[in-house]
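So the structure is just underneath, and the comments pick up after that.
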Amino acid sequence: MILILFIIAIFVLLAGTIFPLITASLDRKFIRTTSLSFIIVSSILLGIFSFINLISGESVLFTVYQPIKLFSLSFEIDRLSSFFLLLTSIVSACVAIYFTEYIEHMDGNSRRNLLCSSTCLFILAMVLVIASANTLSFFLFWELMAASSFLLVTYEYTREETKKAGIFYFIMTQLSSLFVLLGIIILFVITNSFAFLHLATSSVPLVTIAFLALFTGFSIKAGIIPFHKWLPYAHPASPSPISALMSGVMLKVAVYGLVRFLLDVFTPDVSWGVLILIAGTVSAVLGIIYALKEHDVKMMLAYSSIENIGVIFIGIGLSIIFTASNLPLLATISLLGALFHSLNHAIFKSLLFLTAGSVVSATNTRDIEHMGGLAHRMPVTSAFFFVGAVSIAALPPLNGFASELLIFIAFFTSVAVVNPLFKVLLFISIALFALTSALSASCFVKAFGSIFLAMPRSPESTDAHEVPSAMLIGPGILAAACILLGVFALQIFTVVGFAVPLPDMLFVSILLVGMAVFTYLVLYFTASHEVRVSETWGCGLLSQKASAEYSGHGFSEPLDVIFSAIYRTRIKNERKFFDQKSCLFKEGSGEIRLLKVFEEYLYHPIAKYSMKGARFVARFQNGCLDTYLLYVFVAVIALIIFLGWFA
Amino acid sequence: MNLDFFIYLVINTLVVVTISPLFVSLTKKVKAKTQGRQGPPIFQTYFILIKLLKKEVIYSPNSSRIMRVTPFVTMAALLVAALFVPLVYLPEPQGGIGNIILFLYLIALARFFMALAGLDAGSSFGGMGSSREMSISAIIEPTTIIVFAALAFVFKTLNIFDMFASTAANGLLETPTLILIAISLFIIIIVETSRIPVDNPETHLELTMIHEGMILEQSGRNLALLELSAAVKMTILMALLINLIVPFGLTTTLTLAGILIALVAFVVKGSILAGLIGLFESSMAKKRFFQLPSLFAMAFFFSTLIIIMAVFS
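Heads up: the sequence lines are chains A and B, in that order.
In terms of the numbering used here, the first sequence opens at residue 1 and continues consecutively.
In terms of the numbering used here, the second sequence opens at residue 1001 and continues consecutively.
So this is what it looks like as structure tokens:
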């Protein structure tokens, strides 16, 4: 019965896609607001639907269209899909509320209607990917999701960096689709069906190849290192709410795909778990180390998404290792940790992207070195960003901590039980996992400190104002969700029906508040109440200069030096002299450049060889009719020989 | 929450707040003696705290709400963290109090706020302190987690209460693993409480400028809170070490006599450890900041060795 909610939601989204297209030439606010409110309405419907489904644990199956026996366009929504639908609907609703106001400040006149339309389409595609009941419809909507997100990324197509980002994104996302398609085709060859059929064995090489293809496809989409390069390009190029949707939801759709195939199709081998764990750990550590170095706020958030996806993959990898080592309880805990972290990351990362969008639109720059002092100028936005920062830094009692704690607990209890060979691996990855969360605390101290604290470091930042209320409601809901999901983590798991060994964060939060009140009261009765506001001591300067502040660069400098081996800088000195013996100096230049390791050593060579291959193939296409006739002739001969031989 | 646990809450908080300044002074005293100085009286830290409470608070015009809430959040986080480490009376754990990972992250919460407060006034001293503090805490984190994982492995539990209960029941521990863990925990105390060779708690000048640099802009009652919370942090980390290695006296029954004996025992053990920390500090020179990673790497390999010994033995 509740299925009707899902169907209505789909149609509302469809209406939201079509409506701005019909009226594409009219540059009216109400068209865009209507289209975006369609998203809000459908998200609420979807949210109710998936919540009920998640609690009841029932699986809903229905077929829409079946042209041939082999393929049907059908949907199945079980608990896993409901969970990801819930995640999608929460984030989409908040982003849409925010977008209603944000879009009015954007350039592009009536083109903005198309932006609304593609946003609806994008959300629709993601919902349908999650709801798909067979691999082929999964792939079709996956492709729709890729195409609509490409439109969103290239919205500001006139800018040079957006063009580059768009092409980069397009290639990567198509590569991802190719691998997913390859995996699906191999699965079809094995099972002769497009359904999510369970394969009892993992020892057949073909199954392993299918897994590797799917894993690569999902990793590219999720931004696992070394396939991550599209994230730091696409996020700064696209409008902030789109970044929030892509980082918050689209990456999770890739996670969903991986989990779905691992649970429903494969019987994972332990080595797959090791592969996922290593990929996750590497992404987590490198992601946050790169994020520390970034001073473009959206690029920093993009790298931090890579880190968090790494954390999610760590949970998934652990779960597979534990399942294979016959420890179902630990496997459940780590899988729940991974899924809960997906939800939490979706919430706090979209919160951070939205508030960062507000900051960027208020200051007209993405460079955190040119911000500062915004805590006074944008008090509400700064409070919301702060909640997101505490969450992402995995500090209690907010939600980021709750999910990382689950993964930590799985790690800690695993130590005593699994086979010694994996112990070493687990130790290395728990140490790196701890490093990751500590580094992310450092990264977000830097981000919050540079953006919001101290004095403004640019005229735009000095004149910044708080954003309109619609741009505060969306992030506000997300910030509240961050707090609630953290404080009530244990209760939520109990309601959903999982007994997890989490500490009662509600109790801890009450204690925290209690202790703060106690401290306040003691001070109230014992300490002096005098307060004076006076200039910070500026080492003898008459008044403090904003340029003398500790900058974001300075903040991350110690870690830059410590991890300099990872950043791989290249130092170049060029000197010119008047004489041949290099005595009289004429001019010179020196530069220290950050090597883009993955781009220069992995992406560019691959691109170069593909171009070479393409040029070779292009020779066959010479445009001359005679040559094509020859091809046809050769093809016919080959066909005749083939048929004569085999048939 | 039952009555026993509530009494535990009150006792533990009162004990940790009243005793911790003493340990700070003792360390200072020992350091002074080894340098041939008289040193401050052992109640000096109390006098300083009382003096600070009477002074006015000065805020920078640049500073935001962060500066105003940080002392309270830091104090609250560390007082809750103190509940995770029973000092004198060991009740049954309740509602996840005692979870060793949560304990670690409560300390991280306090540090997060303090680092932000360091940036808030816009002075370069505070920023430098915050930056260094966050960097050091990030690179010591793998070691800390490995040591805590080793504890969880040796005691087969994640809860500090259960760990204490098991050491208290078994008396003095004879396993070499625990002695090795004690050494690792000692290194963590040195790093977490900003002591030589990592930082110098006596000064905020350029060469060290880590913890003290970060709280340079604080004044009056806020500074008193931050000083006290630093002392509380030192005490609870010390208590973790003490009650794991030499748990005599720690009472599991709620009697006045038991608690008094436990209190005396804890003060004696804590004073000895505080003295040891002072001696350790005096025997070392401050390391250059960028030499610290190699020091931490050593600590890391050391603690990994413990785990490997424990795991493969």
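Glycine included, every Cβ here is placed at the ideal spot set by N, Cα and C.
Considering residue i, what are the terminal residues of the beta strand (DSSP E) in which it resides?
i	result
T569 (chain A)	569-577
E161 (chain A)	Careful: E161 (chain A) lies outside any beta strand (DSSP E), inside the alpha helix (DSSP H) at 160-191.
T63 (chain A)	60-65
F75 (chain A)	73-77
I1058 (chain B)	1057-1059
Just checking: is the beta-carbon of residue i within a distance shorter than 9 Å of some beta-carbon in chain B?
i	result
V561 (chain A)	yes
G583 (chain A)	Per the sequence presented here, residue 583 (chain A) reads as Cys, with Gly not at that position. No, because no Cβ of chain B sits closer than 9 Å to the Cβ of C583 (chain A).
Q621 (chain A)	no
E161 (chain A)	no
K69 (chain A)	no
S325 (chain A)	no
F411 (chain A)	yes
G315 (chain A)	no
S437 (chain A)	yes
Measuring alpha carbon to alpha carbon, tell me which residue in the options is nearest residue i.
i	options	result
G950 (chain B)	A:Q580, A:E600, A:Y550	The question about residue 950 (chain B) has no answer here: the residues shown for chain B are numbered 1001 through 1313.
V500 (chain A)	A:L584, A:I312, A:G588, A:I409	A:I409
L3 (chain A)	A:I31, A:L425, A:A131	A:A131
F1112 (chain B)	B:T1070, B:F1023, B:A1224	B:T1070
Y1008 (chain B)	B:L1254, B:M1134, B:A1262	B:L1254
D504 (chain A)	A:G497, A:I492, A:A147, A:L245	A:I492
A279 (chain A)	A:D264, A:A254, A:T216, A:L245	A:T216
G183 (chain A)	A:F138, A:I224, A:Y155, A:P226	A:F138
V360 (chain A)	A:I407, A:V297, A:P558	A:V297
S556 (chain A)	A:S450, A:I44, A:L70	A:S450
Check the C-beta distance from residue i over to residue j and give it rounded, since I have them as a contact under 8 Å.
i	j	result
M300 (chain A)	A447 (chain A)	6 Å
L318 (chain A)	S334 (chain A)	4 Å
A1115 (chain B)	S1130 (chain B)	4 Å
L354 (chain A)	P475 (chain A)	5 Å
V152 (chain A)	F122 (chain A)	The displayed chain sequence assigns Leu, not Val, to residue 152 (chain A). Correct: roughly 6 Å between the Cβ atoms.
V207 (chain A)	L199 (chain A)	6 Å
A9 (chain A)	L61 (chain A)	Not quite, the Cβ-Cβ distance comes to about 17 Å (not below 8 Å), so this is no contact.
I40 (chain A)	T119 (chain A)	I40 (chain A) to T119 (chain A), Cβ: 12 Å. No contact.
K1031 (chain B)	E1227 (chain B)	Actually they are not in contact, since the Cβ atoms of K1031 (chain B) and E1227 (chain B) sit about 17 Å apart, beyond 8 Å.
A346 (chain A)	L87 (chain A)	5 Å
Establish whether the CB of residue i and some CB of chain A are separated by less than 9 Å.
i	result
V1080 (chain B)	yes
I1101 (chain B)	yes
P1091 (chain B)	no
G1220 (chain B)	yes
A1231 (chain B)	no
A1299 (chain B)	no
D1120 (chain B)	yes
L1116 (chain B)	yes
T1304 (chain B)	yes
Y1105 (chain B)	yes
T1144 (chain B)	yes
I1066 (chain B)	yes
P1247 (chain B)	no
E1212 (chain B)	no
In the DSSP assignment, the alpha helix (DSSP H) including residue i goes from what residue to what residue?
i	result
I1097 (chain B)	It is not in any alpha helix (DSSP H) - I1097 (chain B) carries neither H nor E in the DSSP assignment.
K349 (chain A)	328-363
Y1008 (chain B)	1003-1034
I592 (chain A)	Looking at the DSSP string, I592 (chain A) is not in any alpha helix (DSSP H); the run it does join, the beta strand (DSSP E), is 585-594.
V531 (chain A)	Premise fails: V531 (chain A) lies in the beta strand (DSSP E), 531-533, not in any alpha helix (DSSP H).
S247 (chain A)	Neither: S247 (chain A) is in no alpha helix (DSSP H) and is coded neither H nor E.
K423 (chain A)	420-452
V12 (chain A)	3-22
- [ ] Residues of the region 1125-1142 of chain B with a CB closer than 7 Å to any CB of chain A: list them in chain order, please.
- [x] G1127, M1128, S1130, S1131, R1132, M1134, S1135, S1137, A1138, I1139, E1141, P1142
Task: Members of the region 1043-1061 of chain B that neighbour chain A once the beta carbon cut-off is set at 8 Å - done: L1053, K1054, K1055, E1056, V1057, I1058, Y1059, S1060, P1061
Task: chain B contacts made by the region 525-553 of chain A, where a contact means CB separation under 9 Å - done: T526, A527, S528, H529, E530, V531, R532, V533, S534, E535, T536, W537, G538, C539, Q544, A546, A548, E549, Y550, S551
Open item on the list: Against chain B, which members of the region 367-388 of chain A pass a CB distance test of less than 9 Å?
Closed with: G372, G373, A375, H376, P379, S382, A383, F386
Task: Proximal residues, the region 1151-1174 of chain B versus chain A, C-beta separation under 8 Å - done: A1152, F1153, K1156, L1158
Task: Under 9 Å (Cβ pairs) to chain B, residues found in the region 486-515 of chain A - done: L490, P501, L502, P503, D504, M505, L506, F507, V508, L511, L512, V513, G514, M515
Task: Residues of the region 16-49 of chain A whose Cβ lies closer than 9 Å to any Cβ of chain B, in chain order - done: none
TODO: Please list the residues of the region 566-578 of chain A that have a C-beta atom closer than 7 Å to any C-beta atom in chain B, keeping them in chain order.
DONE: none
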